[in-house]
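Student: So the sequence shown is numbered by the working numbering: it starts at 837 and just counts up by one.
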Amino acid sequence: MTSSGRQWLQRSGYNPWVASTLPPALISAFVQVVNQPFTRASVTLQNPACGTCRSAWLPSLLILQQLVEARGVAALWHGMSPAILKTVPKYVTAVTARDMLENQLPPAGSSEASLLLRSATKSVMAALAGAALTNPCDVLRNEMFKSDERLSTAARRLWRDEGACWLWRGCGKNLAAVAMPIASTIFLTDVFAPEVSLQLSFDAVPGGLLAARGASGAALCRA
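Written out as structure tokens, the structure is:
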């Protein structure tokens, strides 16, 4: 979806930077808003004081119900600011790094193995960059969930108690938990996007799949 959005923006005359960053920013922000209540419930369940909730049949829904009863519906989106500050730059950084690496890495050979290796390299490097740069926002979000503090209050307390160390607290676990899903998403998109494009060509070109493959082959020969 981000690739389609980037191509549409470029065709509409937007500069490459806007075309690369705007689609992942909008999509990741929307997804974060939708997922925020369930993210808050999963983090709250890690609190030892919620032992009775963990034994419930649907513990996440029980946590959400208790939050609404105690603090209102707005409590479900408490911590949204650092969550968006974490998620949006993470995906924007990853997608931007992917596009930069697409231009910087040497062209892949004609074999399928070289294509997969190039896609894997690009995906892993982009995901690591996105996860590492947004680690402080992960820490802030979790601290806000634990203490119900505002963003500024939690940040001041972390600076006072831990100095700069909190910026990379849990970075190793974050790289494993966050970078791997991003890397797999980018990698699978690279692998399957050509197949989707080919299917679209099959639907659009008269003569079906053979005509689509012939058109693709002719374009490659001209290049």
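All C-beta atoms, glycine included, are put in the ideal place defined by N, C-alpha and C.
Using a Cβ-Cβ cutoff of less than 6 Å, which residues in the same chain neighbour Met-916 once the five nearest sequence positions on both sides are dropped?
Tutor: As a working mapping, residue 916 is identified with position 80 in the sequence shown. Same-chain partners within the cutoff: Gln-872.
Student: For Leu-941, count neighbouring Cβ atoms within 10 angstroms of its own Cβ and tell me buried if that reaches 16, exposed if not.
Tutor: Start at 1 with the first residue of the sequence shown, and residue 941 comes out as number 105. Exposed is the call here.
Student: In the structure shown, what three-state DSSP assignment does Glu-985 receive?
Tutor: Locating residue 985 in the sequence shown gives position 149, counting from the first residue. Of the three classes helix, strand and coil, the one that applies to Glu-985 here is coil, per DSSP.
Student: Whose CA, out of Val-931, Thr-880, Val-904, Ala-877, lies closest to the CA of Thr-857?
Tutor: Here the question's residue 857 lines up with position 21 in the sequence shown. When only C-alpha atoms are compared, the closest one is Val-931.
Student: Jot down the residue ranges of each uninterrupted alpha helix (DSSP H) in the stretch 856-932, minimum 4 residues, whole runs only, in chain order.
Tutor: The qualifying runs are 887-890, 895-907.
Student: If we ignore side chains and look at the alpha-carbon of each, how far apart do Lys-958 and Glu-938 end up?
Tutor: Position 122 of the sequence shown holds residue 958. Position 102 of the sequence shown holds residue 938. So the alpha carbons of these two residues sit roughly 7 Å apart.
Student: With distances taken from CA atoms, which of His-914, Leu-1003, Trp-853 is nearest Thr-880?
Tutor: The residue labelled residue 880 in the question sits at position 44 within the sequence shown. Closest by alpha carbon: His-914.
Student: Please return the same chain residues whose Cβ sits closer than 8 Å to the Cβ of Asn-978, not counting the five positions on each side in sequence.
Tutor: As a working mapping, residue 978 is identified with position 142 in the sequence shown. If we look at Asn-978 and ignore the five residues flanking it on each side, its Cβ neighbours are Val-879.
Student: Using DSSP with H/G/I as helix, E/B as strand and the rest coil, what is Leu-1024?
Tutor: Your numbering for residue 1024 matches position 188 in the sequence shown. DSSP places Leu-1024 in helix when its eight states are reduced to three.
Student: Output yes or no for whether 8 Å exceeds the beta carbon distance between Pro-1000 and Ala-967.
Tutor: As a position in the sequence shown, residue 1000 is number 164, starting the count at 1. As a position in the sequence shown, residue 967 is number 131, starting the count at 1. One point to set straight first is that residue 1000 is Ala, not Pro, in the sequence displayed. No; because the gap between Cβ atoms is not below 8 Å, this pair is not in contact.
Student: For Val-928 and Pro-860, what's the separation of their Cα atoms in angstroms?
Tutor: Numbered from 1 along the sequence shown, position 92 holds the residue referred to as residue 928. Numbered from 1 along the sequence shown, position 24 holds the residue referred to as residue 860. Those two C-alpha atoms are separated by around 6 Å.
Student: Looking at C-alpha atoms only, which residue of Trp-1004, Met-936, Gly-908 is the closest neighbour of Asn-971?
Tutor: Translated into positions along the sequence shown, residue 971 becomes position 135. When each option's Cα is compared against that of Asn-971, the closest is Trp-1004.
Student: Determine the direct distance from the alpha carbon of Lys-982 to that of Leu-994, and round the result to whole angstroms.
Tutor: Here the question's residue 994 lines up with position 158 in the sequence shown. Here the question's residue 982 lines up with position 146 in the sequence shown. The straight-line gap from Cα to Cα measures roughly 13 Å.
Student: Suppose the cutoff is 6 Å on Cβ atoms and the five residues either side in sequence are ignored; what does the same chain contact list for Asn-1019 look like?
Tutor: As a first step, residue 1019 is located in the sequence shown; it is residue number 183 there, counting from the start. Strictly speaking, residue 1019 in this sequence is Ala, with Asn absent from that position. Once the five neighbours on either side are set aside, the close Cβ partners of Ala-1019 are Ser-959, Val-960, Ala-963.
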